[in-house]
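All remarks here apply to the structure that follows.
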Amino acid sequence: MGARRPAGGPQDPHGLGAARRRRRRDARRHARTGRRDRGRRRERRRPPRLAADAGRRAHRVRHRLPRRSAAGPPGRHALAIPLTLLWIVGLTNAFNLMDGLDGLATGLAIIAAATCAAVSISRGDSQGGLLLVALLGALCGFLPYNFNPATIFLGDSGSLVVGYALAVTAVTGWQKGATALAVAVPLLIFALPISETLLSVVRRTRGLGIRHVFSADQQHLHYRLLGLGLSHRAAVLLLYVVSLSLSLLALATMQMR
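Numbering follows numbering that gives the first Met the number 0, in which position 225 of the sequence shown is assigned residue number 224; successive positions increment by one, without gaps.
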């Protein structure tokens, strides 16, 4: 009766419930102590660990590592958890970085969620597909109020949750295919936020050093489009088209098996 429910399991296969409960506890503790900023990066790492413990591991990216003894776990999947953590943390923060213009992160998440739902359903992952369809419906209802001129905003809490949900459900949506497709399909679907994150990290570390990698700047792609003379809506719609084109390419790539 009083035993703690483990992260993941049949009732919570994605570890999302455990991550949500952990975030609520962190929020209450930060409200009491006033130390939210100091623990922000630490709390972003906790939900991915819960998801990895729940079994959402990138097993399709396999490495030929020496096996351990029969008494221990095999070494061939030794990098499964680190790769899963890197994927989830990176993609979660990628959508946070893309939330720079009204409706941008929401629209990109809608395109990604629709594509990932199609992939998950076609691969037989009904639970992941159902979660993505629910996320898609919520985002579609949110976008009309978030598009320029916006009356409501995602903020850090919204963009991080959206990125985390997409990252976790995307881990196993294409596991049953060949390894090359298992890598190419998600990279195409999330190419825009991933490339923007990598460029931001390189730009900030090169100019200011590794300690300033989380510092904000005005050099993101969407800000550069505004600098070229595009209107707010035109810049957002252009990035929608780019993301949609890459997602359609990912779906076409799935048929090449």
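For each residue, glycine too, the CB sits at the ideal point set by N, CA and C.
Distance between beta carbons of Asn92 and Gly154, contact taken as under 8 Å | Start at 1 with the first residue of the sequence shown, and residue 154 comes out as number 155. Start at 1 with the first residue of the sequence shown, and residue 92 comes out as number 93. At roughly 14 Å, the Cβ-Cβ gap does not stay under 8 Å, so Gly154 and Asn92 are not in contact.
His219 vs Ser199 beta-carbon contact at 8 Å = Translated into positions along the sequence shown, residue 219 becomes position 220. Translated into positions along the sequence shown, residue 199 becomes position 200. Against a cut-off of 8 Å, the Cβ pair of Ser199 and His219 comes out as a contact.
Assign Ala79 to one of two classes, buried (16 or more other C-beta atoms within 10 Å of its C-beta) or exposed (fewer than that).
-> Against the sequence shown, residue 79 aligns to sequence position 80. Counting other Cβ atoms within 10 Å of its Cβ, Ala79 reaches 16 or more and is therefore classed as buried.
Assuming Ser158 and Ala104 make a contact with CB atoms under 8 Å, what is their CB distance in whole Å?
-> Working through the sequence shown from its first residue, we reach residue 158 at position 159. Working through the sequence shown from its first residue, we reach residue 104 at position 105. Sure, about 5 Å apart at Cβ, within 8 Å.
In whole angstroms, what separates the C-alpha of Ala190 from that of Gly89?
-> Taking the sequence shown and counting its residues from 1, one reaches residue 190 at position 191. Taking the sequence shown and counting its residues from 1, one reaches residue 89 at position 90. Taking the straight line joining both Cα atoms gives about 12 Å.
Which residues in the same chain as Phe94 place their Cβ atom closer than 8 Å to its Cβ, once the five residues preceding and following it in sequence are excluded?
-> On the sequence shown, residue 94 is found 95 positions in, with the first residue counted as 1. Ala104, Leu107, Ala108, Ser158, Leu159, Val161, Gly162, Leu165, Pro192.
Measure the beta-carbon distance from Leu180 to Met253 and round it to whole angstroms, keeping in mind my assumption that it falls under 8 Å.
-> Walking along the sequence shown from the start, residue 180 turns up at place 181. Walking along the sequence shown from the start, residue 253 turns up at place 254. Sure, about 6 Å apart at Cβ, within 8 Å.
Report the residue ranges of all alpha helix (DSSP H) runs contained in full by the segment 93-131; include only those spanning at least 4 residues, in chain order.
-> The qualifying runs are 103-121.
Report, in whole angstroms, the separation of the C-beta atoms of Leu96 and His231, which I expect to be a contact under 8 Å.
-> Along the sequence shown, read from residue 1 onward, the residue named residue 96 stands at position 97. Along the sequence shown, read from residue 1 onward, the residue named residue 231 stands at position 232. Not a contact, Cβ separation roughly 18 Å.
Inter-residue spacing [alpha-carbon to alpha-carbon] between Leu257 and Val184 = The question about residue 257 has no answer, for the chain in this structure spans 0 to 256.
Reference Leu248; option with closest CA among Gly136, Gly140, Ala111 = Here residue 248 is taken as the residue at index 249 of the sequence shown, counted from 1. Selected option, being the one with the closest Cα: Ala111.
Given a threshold of 16 other Cβ atoms within 10 Å of its Cβ, counted over all protein chains shown, does Leu186 qualify as buried or as exposed?
-> As a first step, residue 186 must be located in the sequence shown, where it is residue number 187. Taking all protein chains in view, the Cβ of Leu186 is surrounded by fewer than 16 other Cβ atoms within 10 Å, so the residue is classified as exposed.
Environment of Asn145 [buried if 16+ CB atoms lie within 10 Å] = On the sequence shown, position 146 is the one that residue 145 refers to. Taking every protein chain shown into account, the CB of Asn145 has 16 or more other CB atoms within 10 angstroms, so this residue is buried.
Hey, how far is the Cα of Met255 from the Cα of Gly228?
-> The residue you call residue 255 lines up with position 256 of the sequence shown. The residue you call residue 228 lines up with position 229 of the sequence shown. CA-to-CA, the gap between Met255 and Gly228 works out to about 39 Å.
Determine, using beta carbons only, whether Val241 and Gly102 come nearer to each other than 8 Å.
-> Walking along the sequence shown from the start, residue 241 turns up at place 242. Walking along the sequence shown from the start, residue 102 turns up at place 103. Cβ distance not < 8 Å, so Val241 and Gly102 don't count as in contact.
List the endpoints of the continuous alpha helix (DSSP H) containing Ser244.
-> As a position in the sequence shown, residue 244 is number 245, starting the count at 1. It spans 231-253 - the alpha helix (DSSP H) in which Ser244 sits, taken as one unbroken run.
Are Ile188 and Thr83 touching if we call contact CB-CB under 8 Å?
-> Your numbering for residue 188 matches position 189 in the sequence shown. Your numbering for residue 83 matches position 84 in the sequence shown. Not closer than 8 Å, so no.
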